[in-house]
């Protein structure tokens, strides 16, 4: 039985609108479900207890830290673990497949990827490179840890290979467009921090080194190709390719809204926040240089000379 094979981890913060659908999709498996909550103020905890979940409280710092805390501290006794977001649910076909596959796993397999099927405003977003998106969400207990990144974090396996499951998880947030926009504004802040953090870039290499996956390919495109294009222009180019060559226009009105907001607006917002930081740094540097010049002016033979400031001549070169 699945109850003896796999446990589920769901992170929550005020997820009363999403959590019921997620938990209902797990009922047929009769498996342990661990809710790691961050002091929700709505009915999230009541809903979790209604579905007989085990609830733990832990302050939220980042998604990666919360996942790793769960892996290190929850009393998971099953041989397999699956991480599920509160706005995600298993299809009935995937629930059945898990029961069948996990009962007889090859010894060299340590993780499974599933396809994510995104719904936006009630419509399945099938084009623009959004389906299938493969996610490594199921792994042997003790074999997986989450990358220490603020955005685009993935589970990395310590050993073993990854296999694919046939069926999907469904990603459908029930909180509406205003929440989506606010969430992606916060995501943009986190992504900017990741871009500017040398530490996160080094840790991000772990995914490329340890496993070959669609996530690795997408990150390579983002860091190697996309990052070489000029700020702002690259967001437009990405959206245009995604909406035309990627056939995003086939997703209808809902698809137009989604691809424009997620493919252009969000990426443009990240660039705008980067530009704001670069501009602020440049102004600070210019002000500091001006102050240094003023303080170091010297009078020689009645004439005033100032040290040459090469930085003002060479200009400011953005590295992203």
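In UniProt numbering, the protein residues as written are 1 to 320. Idealized CB from N, CA, C, for every residue including glycine. This structure is a prediction, so every number in the text was calculated from the model and none was measured.
If you check the beta carbons only, do residue i and residue j fall under 9 Å apart?
i	j	result
residue 143	residue 103	no
residue 169	residue 116	yes
residue 165	residue 81	no
residue 93	residue 22	no
residue 236	residue 278	no
residue 56	residue 76	no
residue 118	residue 141	no
residue 6	residue 78	yes
Could you work out which residue in the options is closest to residue i when comparing CA atoms only?
i	options	result
residue 241	285, 267, 128	128
residue 234	222, 244, 82	222
residue 152	189, 70, 19, 54	189
residue 162	194, 29, 139, 78	139
residue 230	60, 169, 270	270
residue 251	289, 75, 62, 120	120
residue 60	74, 99, 40, 50	40
residue 98	25, 259, 238	25
residue 84	150, 72, 172	172
residue 338	62, 70, 63, 150	Residue numbering for the chain in the displayed model covers 1 to 320; residue 338 lies beyond these limits and cannot be assessed.
residue 58	67, 218, 150	67
residue 260	225, 131, 244, 88	244
residue 181	74, 227, 156, 263	263
residue 11	42, 63, 20, 29	63
residue 4	31, 167, 276	31
residue 196	185, 51, 274	274
residue 52	8, 42, 38	8
residue 160	107, 149, 175, 194	107
residue 192	258, 149, 178, 6	149
residue 174	86, 38, 291	86
residue 246	187, 186, 287, 125	125
What are the start and end residues of the beta strand (DSSP E) that includes residue i?
i	result
residue 144	144-146
residue 55	54-57
residue 265	Per DSSP, residue 265 belongs to no beta strand (DSSP E) and is neither H nor E.
residue 90	88-90
residue 7	6-12
residue 167	161-171
residue 35	33-37
Distance cutoff 9 Å, beta carbons only. Does residue i sit that close to anything in chain D?
i	result
residue 234	Absent from the structure: chain D. Only one protein chain is present.
Could you name the residues that DSSP lists as bridge partners for residue i?
i	result
residue 131	Answer is none; residue 131 lacks a bridge partner.
residue 27	Paired residue(s): none; residue 27 is not in a bridge.
residue 138	82, 112
residue 155	146
residue 117	170
With residue i as the anchor, note down where its alpha helix (DSSP H) starts and where it stops.
i	result
residue 258	252-258
residue 336	One cannot answer for residue 336 here, as it falls past the ends of the chain, which runs 1 to 320.
residue 178	177-196
residue 238	233-243
Discussion item. Between the stretch 41-57 and the stretch 13-23, can you find at least three pairs of beta-carbon atoms closer than 8 Å?
Written reply: yes
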